[in-house]
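For the first sequence, counting from 1, position 245 maps to 245 in full-length UniProt numbering; every step adds exactly one. Using N, Cα and C, we set each Cβ at its ideal position, and we do this for glycine too. What follows is one structure encoded as structure tokens, with my remarks underneath.
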Amino acid sequence: MKGTGLFASSSLDSEKRLICLTLPNLSVAGFQETSSLKVELCFFASFCSPPRIKDEPDDDGFYASPKEDSKPLKRPREDDDILLILQDSKAKKVKSKDKKVPEADKRKKPKKEEEQKWKWWEEERYPEGIKWKFLEHKGPVFAPPYEPLPENVKFYYDGKVMKLSTKAEEVATFFAKMLDHEYTTKEIFRKNFFKDWRKEMTSEEKSTITSLSKCDFTHMSQYFKAQSEARKQMSKEEKQKIKEENERLLKEYGYCVMDNHKERIANFKIEPPGLFRGRGNHPKMGMLKRRIMPEDIIINCSKDSKIPAPPPGHKWKEVRHDNKVTWLVSWTENIQGSIKYIMLNPSSRIKGEKDWQKYETARRLKKCVDKIRNQYREDWKSKEMKVRQRAVALYFIDKLALRAGNEKEEGETADTVGCCSLRVEHIKLHPELDGQEYVVEFDFLGKDSIRYYNKVPVEKRVFKNLQLFMENKQPEDDLFDRLNTSILNKHLQDLMEGLTAKVFRTYNASITLQQQLKELTNPDDNIPAKILSYNRANRAVAILCNHQRAPPKTFEKSMMNLQSKIDAKKEQLADARRELKSAKADAKVRRDEKSKKTVESKKKAVQRIEEQLMKLEVQATDREENKQIALGTSKLNYLDPRISVAWCKKWGIPIEKIYNKTQREKFAWAIDMAEEDYEF
DNA sequence: CAAAAGACTTAGGATTTCGAAG
DNA sequence: CTTCGAAATCCTAAGTCTTTTG
1 MKGTGLFASS
11 SLDSEKRLIC
21 LTLPNLSVAG
31 FQETSSLKVE
41 LCFFASFCSP
51 PRIKDEPDDD
61 GFYASPKEDS
71 KPLKRPREDD
81 DILLILQDSK
91 AKKVKSKDKK
101 VPEADKRKKP
111 KKEEEQKWKW
121 WEEERYPEGI
131 KWKFLEHKGP
141 VFAPPYEPLP
151 ENVKFYYDGK
161 VMKLSTKAEE
171 VATFFAKMLD
181 HEYTTKEIFR
191 KNFFKDWRKE
201 MTSEEKSTIT
211 SLSKCDFTHM
221 SQYFKAQSEA
231 RKQMSKEEKQ
241 KIKEENERLL
251 KEYGYCVMDN
261 HKERIANFKI
271 EPPGLFRGRG
281 NHPKMGMLKR
291 RIMPEDIIIN
301 CSKDSKIPAP
311 PPGHKWKEVR
321 HDNKVTWLVS
331 WTENIQGSIK
341 YIMLNPSSRI
351 KGEKDWQKYE
361 TARRLKKCVD
371 KIRNQYREDW
381 KSKEMKVRQR
391 AVALYFIDKL
401 ALRAGNEKEE
411 GETADTVGCC
421 SLRVEHIKLH
431 PELDGQEYVV
441 EFDFLGKDSI
451 RYYNKVPVEK
461 RVFKNLQLFM
471 ENKQPEDDLF
481 DRLNTSILNK
491 HLQDLMEGLT
501 AKVFRTYNAS
511 ITLQQQLKEL
521 TNPDDNIPAK
531 ILSYNRANRA
541 VAILCNHQRA
551 PPKTFEKSMM
561 NLQSKIDAKK
571 EQLADARREL
581 KSAKADAKVR
591 RDEKSKKTVE
601 SKKKAVQRIE
611 EQLMKLEVQA
621 TDREENKQIA
631 LGTSKLNYLD
641 PRISVAWCKK
651 WGIPIEKIYN
661 KTQREKFAWA
671 IDMAEEDYEF
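Here you go:
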């Protein structure tokens, strides 16, 4: 099975999305609605632990609980020594101020305000391994229970109405809700679904329903469409009510207290049951993702915290107190058997610190990357096959920003690869192609089954090595048969502490942004044009990292709209110019103050319109260039935010133009600490 | 030692919200 | 005020890398 017809099955999508990886500008790396809704909401309230009364004493529990113990142990990181020393005194001041706030004030003053300003980055870190000293939360919010369909909504089997048991009906609704999706027509999806559905049936149902193709879900499907339509048509008041309920839920369950601070939780709602849809050609698509019950849940919190109560009549699987991990809640998912977690928001200290650290590691790589590059170039000549393979793989990881490529269990997931797991069939060698020598053509599915397609000229030695690695191998054989990620990472660890394959992606992404910004920013440009330059720099990184997206469904249309706006603006500009001209002529004849003034104002109008036109044109360029490229992923995960902050400061660009509210929260540390001269 | 389990980051698509145009 | 497209947010899958287990 391995590797056969890799693209035959899934290439259609990928084909459409194929983008040119070699943009000219890119230089790589130095190289019923209402009533049912109400029921849902009430359910939340009852299935979660009882709401706390506002002014209960435990309300300030989180100020009291951790006590003075939280004096952090000193563990300055190599890279931030100076920073920490400089800010030490400041940090202490902040802290002591916190503590002196009188009791009464604490409750009245919204904690929000106070907490949002908390600058965790000015405080010392915990010793390695310890993630927190105090943790209190209210546990997860469970999915609303299944609500049986109204009697008049029918399911038909073999043309005849059939009333399903509640359990079977619930699973049937999952399928019905997906009826419009292409994947309900896929063989694997249908097979997996049917198998799991039958498990939920009563024995009578099982004996009657023997073929999925005889099942008619269309009525159910129509019902759900009508429901969602009705949802859209709800009155403002009803919508408002739902919104308020969500806010209440967020307020109650969306936050935890970790070491004196109230922090936002990322995913406090348990994933509802449904049909699994993996990405790409996934062997498990269509399987039933079962409902998670309190009995599945492990709670993690402090011993001395108020332990969250399980829903009435239920128990937690376990309550543990492990401060070596960051999660609050975990459970085992039934599709892959992997563990899922509830963790904190990216704005939290625990996530932010890690993020910061990630970029510091990448900056350390910057200091030794030349040495490492020389080293792997030497290793291309090694007598040992293992060393050569390692060196070539590392070259790809560095030059092309490929992912490490762990082995995957065959048949458990979609067939995708990264660097170490590349197979012979994924590359083609061209001694010469389009006037270039030693070209390697890559064509494989990477993470999320996104296609990576690239033709890269490589050094002769690399090329010769690849020929060697491919000798006497079948297409489905591993290209690097003596290598895996663990061997590679072990080697990297020896070259630099904390170095792993993914650090190269972070490093190359960030350094590329910095370079591109230097290259592309024109000091004379106005703000929109500078932002276009920023986006182009960002885009260079996204292309390097192969961050693709499906072109938005409305892309063509929105492009047309924008074009017509531009045309209209152009006309408006022509008109304004004509008016200016005649006003000038008029002024020349009349030579009075009033007509002079008219000329001035017309001039201004022309200027204004010119600027607007320019803005629109820039927008159009930006959007066109972005058709199949996703900027968000690199912005959020690969680009040292301090580079962007510094760039904004340097050119007087408001940070809001680059980062939205959520992103500003995530990168608060960088926004606070980076000056305009920051160098990655 | 290798395989499995565990913890955490990275990822694109779906859904919801927002804000400008009509 | 309504509509519509874009942006923001949500969702959870799919990776990486570390730790534990046998």
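Which of helix, strand or coil DSSP assigns to residue i
i	result
I658	coil
Y157	strand
M162	strand
D259	coil
W651	helix
Q548	strand
Q436	strand
P346	coil
L402	coil
S235	coil
E318	strand
C215	strand
N489	helix
W327	coil
W669	helix
Boundaries of the alpha helix (DSSP H) in which residue i is found, first to last residue
i	result
residue 686	Lying outside 1 to 680, the shown extent of the chain, residue 686 is not represented and no answer is given.
P528	527-544
T506	501-520
N637	632-637
K447	Counting along the chain, K447 falls outside any alpha helix (DSSP H), and DSSP gives it neither H nor E.
V458	From DSSP, V458 is part of no alpha helix (DSSP H); its letter is neither H nor E.
Q572	555-590
Buried or exposed by the 16-neighbour rule on C-beta atoms within 10 Å, applied to residue i
i	result
M178	buried
G280	buried
S634	buried
Q389	buried
R578	exposed
P431	exposed
M285	buried
A226	exposed
I527	exposed
P310	buried
P641	buried
L468	exposed
N192	buried
T621	exposed
C368	exposed
G254	buried
E263	buried
E556	exposed
Straight-line Cα distance separating residue j from residue i
i	j	result
A176	L275	11 angstroms
N626	Q548	10 angstroms
L636	I643	13 angstroms
Q357	R363	10 angstroms
S558	I307	51 angstroms
D586	D524	34 angstroms
S338	P272	16 angstroms
R320	I653	48 angstroms
E407	H282	16 angstroms
G278	T173	19 angstroms
W132	Y156	55 angstroms
S624	P551	According to the sequence displayed, residue 624 carries Glu and not Ser. Straight-line Cα distance between these residues: approximately 10 angstroms.
E295	K661	37 angstroms
K570	K553	28 angstroms
V599	I609	15 angstroms
C420	N484	6 angstroms
K425	P475	Checking the sequence, you will find Glu at residue 425 rather than Lys. Computed Cα separation, rounded: 4 angstroms.
M162	K154	7 angstroms
H314	M293	9 angstroms
Boundaries of the beta strand (DSSP E) in which residue i is found, first to last residue
i	result
I342	339-342
I299	298-300
Taking one C-beta from the region 390-399 and one from the region 530-541 each time, how about it: are there three or more such pairs within less than 8 angstroms?
-> Two segments are said to touch when three or more pairs of C-beta atoms, one from each, lie closer than 8 angstroms; by this definition the region 390-399 does not touch the region 530-541.
So, do the region 135-151 and the region 324-343 have three or more beta carbon pairs nearer to each other than 8 angstroms?
-> Between the region 135-151 and the region 324-343 there are three or more C-beta pairs closer than 8 angstroms, enough to call the two in contact.
Pair every Cβ in the region 146-164 with every Cβ in the region 202-209, then say whether three or more of these pairs are closer than 8 angstroms.
-> Output reads yes: the region 202-209 touches the region 146-164.
The region 421-440 touching the region 457-466, judged by at least three CB pairs closer than 8 angstroms = Taking 8 angstroms as the limit for Cβ pairs, the verdict is that the region 457-466 does touch the region 421-440.
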